[in-house]
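The structure appears right after this line, and notes come after that.
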Amino acid sequence: MTNHAALLAIVDQEVTSRIEDPHPERLVEALHLRAALAADARPLPPVAAATLRRVLDEEGALSALAAAEAREAAAAQLRSA
Numbered sequence: 060m061t062n063h064a065a066l067l068a069i070v071d072q073e074v075t076s077r078i079e080d081p082h083p084e085r086l087v088e089a090l091h092l093r094a095a096l097a098a099d100a101r102p103l104p105p106v107a108a109a110t111l112r113r114v115l116d117e118e119g120a121l122s123a124l125a126a127a128e129a130r131e132a133a134a135a136q137l138r139s140a
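For the sequence shown, our numbering gives the first residue as 60, with consecutive numbering after it.
Okay, here's the thing in structure tokens:
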């Protein structure tokens, strides 16, 4: 998967997660970002760039949290063994 395809997949997840969000502006921002990425806009419009940074920050935070939980689970398993 290319970086561009990976970004599109992440943004698609963001769009899906925002469909029932109580803040419709987040869905609009995600849809604008999706359109800009699909059009391969360079540079990204400022709002799309800010949305991408936020989405990637959230994605990174979720990945870090999952890794920390996995390490904790592994440590707990070692302690109980």
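Ideal Cβ placement from N, Cα and C applies to all residues, glycine included.
- Between the beta-carbon of A95 and that of A107 there is about 4 Å, and that keeps the pair under the 8 Å contact cut.
- If only uninterrupted alpha helix (DSSP H) runs of at least 4 residues are considered, those enclosed by the segment 70–117 are 83–97.
- The beta carbon of L86 sits closer than 8 Å to the beta carbons of V74, R77, I78 and D80 from its chain, once the five residues preceding and following it are set aside; these are given in chain order.
- Cβ-Cβ distances below 8 Å link I69 to V114, L115 and E118 in the same chain, with the five nearest sequence neighbours on each side left out; the list follows chain order.
- Rounded to whole angstroms, the Cβ separation of L111 and L92 is 6 Å, and the two are in contact under 8 Å.
- If you draw a 10 Å sphere on the C-beta of E88, you find 16 or more other C-beta atoms in it, and that means buried.
- Inter-residue distance for R101 and A123 is about 29 Å (C-alpha atoms, whole angstroms).
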